[in-house]
Amino acid sequence: MAKKSKALIWFEYSIVRGLLGFLGLMPRRAAVGTATALTSLGYYLFGGLRRVAATNLEIAFPEKKEAERKRLAKGSFSNLGRVLGEMSQFPKATPESLAKLIDFEIDPALYEEYRKLKQMGRGVIIVSPHLGNWEVLVFGWATFDSPMSYLARPLDNPLIEKLTVGLRTKFGNRPINKTNSVMAAARALREEGLLGILADVNAHPKEGVFVPFFGVEACTSSGPALIAMRTDSAILPMCGAW
C-alpha cells in the first residue's frame with residue numbers, strides 16, 4: 006500500500022477528530038443516535054462495502070432470503086455508528102458512569118476462578134469477537150476489574166492512531182502492536198497478567214490455521230492458543246453484546 010501524503014493524513018484526521026469532537030459535545034443518547042444515522046447512510050453511499058457485506062452474508066446464511074440478508078447488512082452499518090457514538094463519550098466517562106452503562110454478566114463461579122488465576126500469578130487472555138461493542142467492553146473492564154494490554158494493528162494514519170489510543174487508554178489499558186506481537190504479549194501476561202485479543206480477523210496463512218467458518222475454510226488466528234501455551238495462561242471468551 007502506498008504511503009499516505011501528509012495532506013491526506015491531516016485531512017482524514019481533521020474529519021475524524023471533528024466528528025468525534027462534535028459527537029462528544031452531545032449527551033450520550035444523542036451522540037449514539039447521530040452516529041448511527043451517519044453510518045446507516047454509509048450503507049447507501051459506499052457500494053463497495055455494501056457488496057462485501059452482501060457477499061459475506063450470502064456465504065454465511067444461504068438459507069435466508071435476500072431481504073433478510075439486506076436487513077442484517079444494514080444492521081452491521083448501524084452497529085458501527087453505535088460503537089462510534091459510545092467512543093465519542095469516552096473522554097467524559099467515569100467509573101461510576103460506566104458501572105451504570107455496562108452490565109458484566111459473568112458466571113460467579115467462572116469469575117471466582119478468574120480471580121484465583123490472577124492471584125496465583127497466571128495470565129488470563131480475554132478473547133472477543135468484533136460483536137456488539139468491543140470498544141466499550143475493553144474500556145469498561147479496566148474500571149470493573151483491572152486494566153489490560155490489548156493487541157491491535159496500528160492504523161495507517163498515525164494521527165488517528167494516536168487519537169484512538171488516547172481514548173482507549175484513559176483508564177490504564179495498554180496497546181501492543183499486533184505485528185510480531187507474540188513476545189510482547191507474553192511479556193505483558195507475565196508482568197501484568199491480562200491480555201485482550203479480538204481474534205475474529207482473517208489471518209495470514211503463516212499465522213493461522215484453516216477451520217470451517219459458516220461452511221467455508223477460513224484462516225483463523227492461532228495467536229491466542231499459541232500465547233496461552235507459551236505462557237501457561239488461561240483463555241476467557243467474552244463479548245460486548247448490546
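According to my numbering, the sequence shown is numbered sequentially starting from 6. Idealized CB from N, CA, C, for every residue including glycine. Keep in mind that this is a model prediction, so the values were computed, not measured.
According to the DSSP assignment, Glu222 belongs to the beta strand (DSSP E) that extends over 221-226. Taking Phe82 as reference, the option from Gly29, Asn138, Pro229 with the minimal CA-CA separation is Asn138. Secondary structure in the segment 19-50: the alpha helix (DSSP H) runs of 4 residues or longer, each lying completely within the stretch, are 33-50 in chain order. The three-state secondary structure of Arg127, taken from DSSP, is coil. When secondary structure is reduced to three states using DSSP, Val216 falls in the strand class. Partner residues in the beta bridge of Tyr155, as assigned by DSSP, are Pro180, Gly201. Under the three-pair Cβ rule at 8 Å, the segment 140-153 counts as touching the segment 97-109. Classified as exposed, Phe219 has fewer than 16 neighbouring CB atoms from the shown chains inside 10 Å of its CB.
From the listed residues Val187, Val216, Pro210, the smallest Cα separation to Gly228 is found for Val187. DSSP lists Leu203 as the bridge partner or partners of Ser133.
For Val129 against Leu136, the beta-carbon gap comes to about 20 Å, at or over 8 Å, which does not count as contact.
Looking at Lys97, Gly52, Met31, Leu30, the one whose alpha-carbon comes closest to that of Gly171 is Lys97. Ranked by Cα distance from Ile181, the options Leu203, Lys167, Ser154, Leu199 are led by Ser154. In terms of Cβ geometry, Gly23 and Ser93 do not form a close pair [threshold 7 Å]. Between Ala78 and Leu62 a beta carbon distance of about 6 Å is seen, short of the 8 Å cut, so the two are scored as contacting. About 13 Å separates the CB atoms of Val141 and Gly201; that is not less than 8 Å, and the two are not in contact. Beyond the five residues adjoining it in sequence on each side, Gly47 comes within less than 6 Å, by CB distance, of Phe82 in the same chain, given in chain order.
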